[in-house]
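Read in order, the letters of the sequence shown are residues 1 to 335 in the working numbering. Ideal placement from N, C-alpha and C gives every residue a C-beta, glycine not left out. Everything below concerns the one structure shown next.
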Amino acid sequence: MSDDSRTVPQEQLPSDDLHPPPMPVINLGHLNLDPAIRACVVEDITKACRDLGYFQLKNHCKRVTTGKLGAMTTFEIPRLAVIASEYMGNFATELRRVALQLMEAILEGLGLGKDYQHEKFEQGLQLMSVNCYPKESEGDTAIGLAPHSDYGFLTILFTSCRGLEVVDRNSNSWKVVQPLPHALHVHVGDHMEVLSNGRIKTVVHRAVLNPEEARISMASINGFAMHEKVSSARELVNEQNPEKYTASSFNDFLNYLTSNLDNKHRNFLESLRNQISKAKVELRLLHGNEIEMEEEPTLAAAGHGSPNNCHRCRNECQCVTLIAALLKAVSILKM
Numbered sequence: 001m002s003d004d005s006r007t008v009p010q011e012q013l014p015s016d017d018l019h020p021p022p023m024p025v026i027n028l029g030h031l032n033l034d035p036a037i038r039a040c041v042v043e044d045i046t047k048a049c050r051d052l053g054y055f056q057l058k059n060h061c062k063r064v065t066t067g068k069l070g071a072m073t074t075f076e077i078p079r080l081a082v083i084a085s086e087y088m089g090n091f092a093t094e095l096r097r098v099a100l101q102l103m104e105a106i107l108e109g110l111g112l113g114k115d116y117q118h119e120k121f122e123q124g125l126q127l128m129s130v131n132c133y134p135k136e137s138e139g140d141t142a143i144g145l146a147p148h149s150d151y152g153f154l155t156i157l158f159t160s161c162r163g164l165e166v167v168d169r170n171s172n173s174w175k176v177v178q179p180l181p182h183a184l185h186v187h188v189g190d191h192m193e194v195l196s197n198g199r200i201k202t203v204v205h206r207a208v209l210n211p212e213e214a215r216i217s218m219a220s221i222n223g224f225a226m227h228e229k230v231s232s233a234r235e236l237v238n239e240q241n242p243e244k245y246t247a248s249s250f251n252d253f254l255n256y257l258t259s260n261l262d263n264k265h266r267n268f269l270e271s272l273r274n275q276i277s278k279a280k281v282e283l284r285l286l287h288g289n290e291i292e293m294e295e296e297p298t299l300a301a302a303g304h305g306s307p308n309n310c311h312r313c314r315n316e317c318q319c320v321t322l323i324a325a326l327l328k329a330v331s332i333l334k335m
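Spelled out as structure tokens, the structure:
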């Protein structure tokens, strides 16, 4: 891939305000303590999702390392693919467990109860994404992944070093996320905004190249099953808060991507807002009422474009480098 394809366009250059944002740190283990402590943690998680859309998580997982990789010699490199598969499977299983715990807490915080649509969450999709971003070239402002929001409810991310940036909603500027030792980064996705009927907003983020070192990121994106539609919870829809989004599935999202490759200023979530607005107009016309259109917010100021604008760094990472990063990731997973 050419350097030009990774360079940030002028309109997507970050503002001068790149100081790390306030970062709530949640101790997941406290969800399993007595009801009073759990209630406080549920409130903290819900507040972080509602106010910021992201937080970092500690005391999150069981340790899944067994020391096999550290004991290997260079003559055993061909076995890395087999062992890496085992580690990645364990890593994905633990992140899935964490995602379900967090979803229960958020649903509880929204007043829906932790068992709301429990079966659909249990049987839902988990997409694992592993990326290697090269070290930034000297004098070149570049990104590995252009501004976007994630499909699904929750994304849980391990990152080997700094490189993730999020849009601060108050200043509409980019903020650097400083990864904490032994912590996972969590942010909410499009379908969390839909389910909560806008009470929780999706997070626009991007990956920038680190000037000091190559970066490995491993993300677990969690949603409903492929054809299972997500709609705003009935309990969160009323006259004061009418339904803001049309129902959609992961399959709908994929269809949208393939049919809107040339649309550079509209994203999937905006299309869901537009569809529900169109339905309201048609309903009002049917009943002969005057039409009042509300202007929907856009993410254009954040450089949030179509998938056609998202340029991944496709440089292949050597197997040993990826395994080393994976070992680092799974070694932080503790009780």
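Can you tell me which of the options puts its alpha carbon nearest to the alpha carbon of residue i?
| i | options | result |
| --- | --- | --- |
| GLU243 | GLU165, SER171, ILE276 | ILE276 |
| VAL41 | ASP51, ASN27, LYS120, ASP252 | ASN27 |
| VAL230 | SER196, GLU212, ILE221, THR202 | SER196 |
| PRO211 | PRO134, LEU100, GLU122 | PRO134 |
| PHE224 | GLN117, SER171, HIS148 | GLN117 |
| PHE153 | GLY124, TRP174, LYS47, SER85 | GLY124 |
| GLU104 | VAL130, ASP150, CYS132, ILE45 | ILE45 |
| LEU164 | HIS205, ARG199, ASN131 | HIS205 |
| SER173 | LEU145, VAL203, ARG199 | VAL203 |
| ASN241 | ALA99, LEU257, GLY198 | GLY198 |
| LEU145 | ASN255, LEU209, GLU122, LEU257 | LEU209 |
Put residue i into one of helix, strand or coil per three-state DSSP.
| i | result |
| --- | --- |
| ASN241 | coil |
| MET23 | coil |
| SER5 | Since pLDDT at SER5 reaches only 32, below the 50 mark, its modelled position is unreliable, and the value read off the structure follows with that caveat. Residue state, collapsed to three classes: coil. |
| GLY305 | Because GLY305 carries a pLDDT of 39, less than 50, the predicted location of this residue cannot be relied on, and no value is offered for it. |
| ARG273 | helix |
| GLU43 | helix |
| GLY29 | helix |
| ARG206 | strand |
| ARG215 | strand |
| GLU193 | helix |
| LYS175 | strand |
| MET88 | helix |
| GLY109 | helix |
| ASP51 | helix |
Under the assumption that residue i contacts residue j (Cβ atoms under 8 Å), give the Cβ distance between them as a whole number of angstroms.
| i | j | result |
| --- | --- | --- |
| PHE158 | LEU184 | 6 Å |
| SER232 | TYR245 | 6 Å |
| GLN101 | LEU180 | Not confirmed; about 19 Å, so no contact. |
| LEU236 | LEU110 | 7 Å |
| ILE143 | ALA92 | Not confirmed; about 26 Å, so no contact. |
| VAL194 | CYS49 | That belief does not hold up - the Cβ atoms of VAL194 and CYS49 are roughly 14 Å apart, past 8 Å. |
| LYS58 | VAL25 | 6 Å |
| SER129 | ALA219 | 5 Å |
Please classify residue i: is it buried, with 16 or more other beta-carbons within 10 angstroms of its beta-carbon, or exposed?
| i | result |
| --- | --- |
| VAL166 | buried |
| GLN178 | exposed |
| ARG215 | buried |
| HIS227 | exposed |
| GLY89 | exposed |
| PRO147 | buried |
| ILE156 | buried |
| ALA39 | exposed |
| ARG97 | exposed |
| SER171 | exposed |
| ASP108 | Note on identity: in this sequence residue 108 is Glu, with Asp being the wrong assignment. Looking at its Cβ environment, which holds 16 or more other Cβ atoms inside 10 Å, GLU108 is buried. |
| SER160 | buried |
| LEU299 | Unreliable placement is indicated for LEU299, whose pLDDT of 41 sits below 50; no coordinate value is reported for it. |
| SER85 | exposed |
Measure the alpha-carbon distance for residue i versus residue j and round it to whole angstroms.
| i | j | result |
| --- | --- | --- |
| GLU76 | TYR87 | Unreliable placement is indicated for GLU76, whose pLDDT of 47 sits below 50; the coordinate value is still reported in the next sentence. Whole-angstrom Cα-Cα distance: 16 Å. |
| LEU95 | ASP190 | 19 Å |
| ARG234 | ASN222 | 22 Å |
| TYR54 | ASP115 | 22 Å |
| LEU119 | ARG169 | Residue 119 is actually Glu in this sequence, not Leu. If you take the alpha carbons of GLU119 and ARG169, they lie about 33 Å apart. |
| TYR151 | PHE250 | 8 Å |
| LEU272 | GLU239 | 20 Å |
| PHE253 | PHE268 | 7 Å |
| LEU341 | GLU43 | Any answer about residue 341 is impossible in this case: the structure gives the chain only from 1 up to 335. |
| SER137 | SER217 | 19 Å |
| VAL176 | ILE106 | 25 Å |
| ILE200 | GLU213 | 34 Å |
| GLU270 | HIS182 | 35 Å |
| GLY29 | PRO22 | 22 Å |
| ASN351 | LEU112 | Shown here, the chain extends from 1 to 335; a query on residue 351 therefore has no answer. |
| GLN56 | VAL186 | 6 Å |
| ALA247 | ASN274 | 12 Å |
| MET336 | ARG162 | Nothing can be reported for residue 336, as the shown portion of the chain is limited to 1 through 335. |
| LEU257 | SER149 | 13 Å |
| ASN255 | ALA99 | 26 Å |
Can you check whether the C-beta of residue i is within less than 8 Å of a C-beta belonging to chain D?
| i | result |
| --- | --- |
| HIS185 | Looking for chain D here will not work: only one protein chain is present. |
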